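*Asks:* My questions will all concern the structure given below.
In UniProt numbering, the protein residues as written are 1 to 329.
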């Protein structure tokens with residue numbers, strides 16, 4: 001990416017190979033990169049490091065360890081790994097590439113049961129859903145949760161993580177195909193929101209009390225429309241900033257809602273080592289669940305690396321199910 005703009009600003013170029021500079025770092029031969037909405041937003045608006053151009057996008061990666069720093073003990077050359085690191089515009093990072101250098105503390109072993117594209121599609125959405133449900137929302141067994149856009153990248157793993165915690169799940173979808181998909185992931189009540197008022201459906205499902213936790217992955221009006229569906233003293237977690245134009249928090253205040261904001265990029269942006277290590281531990285646990293058949297990633301489409309612009313166009317169309325990944329040869 002040489003300048004902000006439409007997908008055509010993504011061009012295949014030869015760049016200097018990143019090199020191990022710290023003793024705790026790994027050199028990874030990338031086999032696949034995940035694509036996420038944050039990638040398209042950065043491409044449109046500019047990176048977090050505007051003075052460092054050109055930039056390589058892509059927070060999610062999966063590949064094979066090629067070399068290790070002098071103090072690395074956890075990994076060795078030949079190990080298969082996956083991670084969410086880089087891709088925000090900082091020089092020497094980004095996973096739409098053949099090579100990446102990542103600190104061993106921030107990386108996890110790839111699930112054996114997943115292909116490289118599947119593994120690369122997983123980290124950012126897994127961490128987002130985990131932190132939103134388990135950490136911000138304090139989800140407990142037996143609770144009822146509303147998850148928006150259950151067939152989307154974050155939504156489809158959030159359903160599974162909620163079920164693994166022992167919760168009951170209702171989720172919004174836009175079509176019968178998506179309804180079938182979310183049922184496969186364990187959703188107890190898919191709500192076709194174009195035909196049914198989702199807040200009313202959630203209230204009926206909870207006998208008028210409201211859900212214990214709502215997870216908003218859509219934002220704007222959806223965030224405010226969700227408030228009446230949450231019980232008194234319940235939780236709302238959103239991954240988007242409430243805009244203040246679509247509604248107000250009067251009802252949320254009256255119902256004593258706890259509102260939490262989730263941005264899984266914060267540790268990367270602020271260099272919070274312990275938080276980055278925690279996120280790697282999330283990926284380690286999820287790798288176990290993948291290999292035990294308790295967790296799945298829905299990879300809807302792959303593109304070769306040189307067609308990253310086409311992948312962005314597909315992502316920006318919206319209404320897709322699951323994730324898109326780039327395959328790197």
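Ideal Cβ placement from N, Cα and C applies to all residues, glycine included.
Since the structure is predicted, the reported quantities are computational estimates derived from the model, not experimental observations.
Let me check one thing: in DSSP terms, what residues is residue 103 bridge-paired to?
*Replies:* One-based indexing of the chain shown puts residue 103 at position 103. Bridge partners of residue 103: 25.
*Asks:* Measure the alpha-carbon distance for residue 27 versus residue 81 and round it to whole angstroms.
*Replies:* As a working note, residue 27 is residue 27 in the chain shown. As a working note, residue 81 is residue 81 in the chain shown. In a straight line, the C-alpha of residue 27 is about 11 Å away from that of residue 81.
*Asks:* Between which two residues does the alpha helix (DSSP H) harbouring residue 154 extend?
*Replies:* Here residue 154 is taken as the residue at index 154 of the chain shown, counted from 1. If you look at residue 154, you'll find it in the alpha helix (DSSP H) that goes 153–164.
*Asks:* Excluding the five sequence neighbours on either side, which residues of its own chain have a C-beta within less than 6 Å of the C-beta of residue 247, listed in chain order?
*Replies:* Along the chain shown, one-based indexing puts residue 247 at 247. Counting only Cβ-Cβ distances below 6 Å, and skipping sequence neighbours, we find 224.
*Asks:* Using 8 Å for Cβ pairs, my map puts residue 100 next to residue 86. What's the rounded Cβ distance?
*Replies:* One-based indexing of the chain shown puts residue 100 at position 100. One-based indexing of the chain shown puts residue 86 at position 86. Distance from residue 100 to residue 86 at the Cβ level is roughly 7 Å; contact confirmed, criterion being Cβ atoms closer than 8 Å.
*Asks:* Would you tell me roughly how many angstroms separate the C-alpha atoms of residue 102 and residue 25, rounded to the nearest one?
*Replies:* By one-based count along the chain shown, residue 102 stands at place 102. By one-based count along the chain shown, residue 25 stands at place 25. Residue 102 and residue 25: Cα-Cα distance of roughly 5 Å.
*Asks:* Provide the residue(s) that pair with residue 61 in DSSP beta bridges, ordered along the chain.
*Replies:* Mapped onto the chain shown, residue 61 falls at position 61. DSSP, once it has assigned bridges, lists 33, 83 as partnering residue 61.
*Asks:* Around the Cβ of residue 77, are there at least 16 other Cβ atoms within 10 angstroms (buried) or fewer (exposed)?
*Replies:* As a position in the chain shown, residue 77 is number 77, starting the count at 1. Label assigned to residue 77: exposed.
*Asks:* Could you name the residues of the same chain whose beta carbon sits closer than 6 Å to that of residue 91, not counting the 5 residues immediately before and after it, in chain order?
*Replies:* If you number the chain shown from 1, residue 91 lands on position 91. Correct list, in chain order: 52.
*Asks:* Mind reading off the beta-carbon distance from residue 314 to residue 321? Whole number of angstroms is fine, and I expect it under 8 Å.
*Replies:* The count along the chain shown starts at 1 and reaches residue 314 at position 314. The count along the chain shown starts at 1 and reaches residue 321 at position 321. Between residue 321 and residue 314 the Cβ distance is about 12 Å, and since that is not below 8 Å, they are no contact.
*Asks:* Is the distance from the Cβ of residue 326 to the Cβ of residue 58 below 9 Å?
*Replies:* Walking along the chain shown from the start, residue 326 turns up at place 326. Walking along the chain shown from the start, residue 58 turns up at place 58. Yes. Within cutoff.
*Asks:* Any beta carbon from chain D within less than 9 Å of residue 34's own beta carbon?
*Replies:* This model lacks chain D altogether, as it is built from one protein chain only.
*Asks:* Under a three-way DSSP split, which group does residue 233 fall into?
*Replies:* Working through the chain shown from its first residue, we reach residue 233 at position 233. In this structure, residue 233 counts as strand in the three-state DSSP scheme.
*Asks:* Name the two residues that bound the continuous alpha helix (DSSP H) containing residue 251.
*Replies:* Here residue 251 corresponds to residue number 251 of the chain shown, with the count starting at 1. Looking at the DSSP string, the run of the alpha helix (DSSP H) that includes residue 251 is 250–254.
*Asks:* On the DSSP letters alone, give me the boundaries of the alpha helix (DSSP H) that residue 73 sits inside.
*Replies:* As a position in the chain shown, residue 73 is number 73, starting the count at 1. That residue, residue 73, is in no alpha helix (DSSP H); it is neither H nor E in DSSP.
*Asks:* CA-CA distance, residue 111 and residue 83?
*Replies:* Locating residue 111 in the chain shown gives position 111, counting from the first residue. Locating residue 83 in the chain shown gives position 83, counting from the first residue. Their Cα atoms are separated by approximately 11 Å.
*Asks:* If you count every other CB in all the chains shown that lies within 10 Å of the CB of residue 250, and 16 or more means buried, which is it?
*Replies:* Your numbering for residue 250 matches position 250 in the chain shown. So residue 250 counts as exposed.
*Asks:* Taking only the alpha-carbon atoms, compute the straight-line gap between residue 50 and residue 193 and give it to the nearest angstrom.
*Replies:* In the chain shown, the residue the question calls residue 50 occupies position 50. In the chain shown, the residue the question calls residue 193 occupies position 193. Each residue's alpha carbon lies about 39 Å from the other.
*Asks:* Identify whether residue 259 lies in helix, strand or coil by the three-state DSSP scheme.
*Replies:* The count along the chain shown starts at 1 and reaches residue 259 at position 259. Three-state DSSP puts residue 259 in a strand.
*Asks:* So what does residue 327 bridge to, in DSSP terms?
*Replies:* Counting from one through the chain shown, the residue named residue 327 turns up at place 327. For residue 327, which the question treats as bridged, DSSP gives the partners 32, 304.
*Asks:* Assign residue 138 to one of three DSSP states: helix, strand, or coil.
*Replies:* The residue given as residue 138 occupies position 138 in the chain shown. Correct three-state label for residue 138: coil.
*Asks:* How many Å lie between residue 63 and residue 258 at the Cα?
*Replies:* The sequence position of residue 63 within the chain shown is 63, counting from 1. The sequence position of residue 258 within the chain shown is 258, counting from 1. Roughly 39 Å separates the two Cα atoms.
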